[in-house]
Structure formats: structure tokens, C-alpha cells
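Residue numbers in the sequence shown follow my numbering, run continuously in steps of one, and reach 1247 at the last position.
Just so it is clear, CB atoms sit at the ideal spot from N, CA and C, and this is done for glycine as well.
Remarks on the structure that follows.
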Amino acid sequence: GQRITTVGKKSGEKRQAAVIYGKHGTSHVIIASKGGSDTPPAWFVNLEARGYGHIQVKADKMDVKMRIAEGEEREQLWAMMTNIFPTYLEYQQKTARKIPVVVLDSL
């Protein structure tokens, strides 16, 4: 499975979400699309509040810190992720929100 575990911003409880990962160098990349909703997914809100989380990609598990890709890097990673999961393009058309491209690096 591919999932991310974050700690709830208000609850302080661990929350899990299934996500699609891309690999860029040593980083993992995920898209905070929430199906094209105008609000970001809960995992993104929680991750952004703390700055770190825990991911599982198949058998690999690791603690990670997050940052949001901007500019040219975002364009490159967005293209990579839409190649993996083309539906992200449809999601972006549904919302005025610029869907965040999240880069995760192991701690």
C-alpha cells in the first residue's frame, strides 16, 4: 500500500490516507488534490501544520519532512505526477485552487 500518516492539527490523533507517490531523486512527491475540491485534503492541512509526517511506500516506511514545490520545480513535478495519474489534470480544471505539489524528504 501507499499511504501517508499525519497527526491531526486539532485532535492530535494519527490519521492515515491513501495517496499516489511519485519518486524524484531521493524525494517522494504527492499531490494535494482532494479530487479537485476547493479545499485541500485533511492530510495536507495536518502535514503543513506540523511540517512532517510518516509515509509507507510498499514495504518502505519513513519519517519525512515536507515542502511545497514552486515555480519551475512545481511544473516539472506536476508533469511527472500527471503522467502517473492523468486524472490530476481534470481535478485541476474543477478548482480555482492551485493544487499543491508536495515534496517529501526523509528525516
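Identity of the residues DSSP links to residue i by a beta bridge
i, result
"VAL1169", "GLY1162 and VAL1243"
"MET1202", "ILE1195"
"ARG1207", "VAL1243"
Residue from the options whose Cα sits closest to the Cα of residue i
i, options, result
"TYR1192", "THR1179, ARG1207 and TYR1228", "ARG1207"
"ILE1239", "LYS1174, PHE1225, VAL1147 and ALA1158", "LYS1174"
"LYS1198", "ASP1178, HIS1168 and GLY1211", "HIS1168"
"HIS1142", "LYS1201, ASN1186 and GLU1230", "Per the sequence presented here, residue 1142 reads as Gln, with His not at that position. The shortest C-alpha separation from GLN1142 is found at LYS1201."
"PRO1226", "GLY1162, GLY1152 and VAL1147", "GLY1162"
"VAL1241", "ALA1189, PRO1180, LYS1149 and GLN1156", "PRO1180"
"TYR1231", "GLU1210, ASP1178 and GLN1156", "ASP1178"
"ALA1189", "LYS1149, ILE1224 and GLN1233", "LYS1149"
"GLU1153", "HIS1164, GLN1216, THR1166 and LEU1187", "LEU1187"
Helix, strand or coil at residue i [DSSP, three-state]
i, result
"THR1145", "strand"
"ARG1155", "strand"
"LYS1234", "helix"
"LYS1150", "coil"
"PHE1184", "helix"
Contact with chain B by residue i, beta-carbon distance below 8 angstroms
i, result
"TYR1192", "Any reference to chain B falls outside this structure, which holds one protein chain only."
Inter-residue CB distance, residue i and residue j (contact presumed, cutoff 8 angstroms)
i, j, result
"ILE1171", "MET1221", "5 angstroms"
"THR1146", "TRP1183", "5 angstroms"
"VAL1204", "ILE1195", "5 angstroms"
Status (buried if at least 16 other CB within 10 Å, exposed otherwise) for residue i
i, result
"LEU1244", "buried"
"LEU1247", "exposed"
"LEU1229", "exposed"
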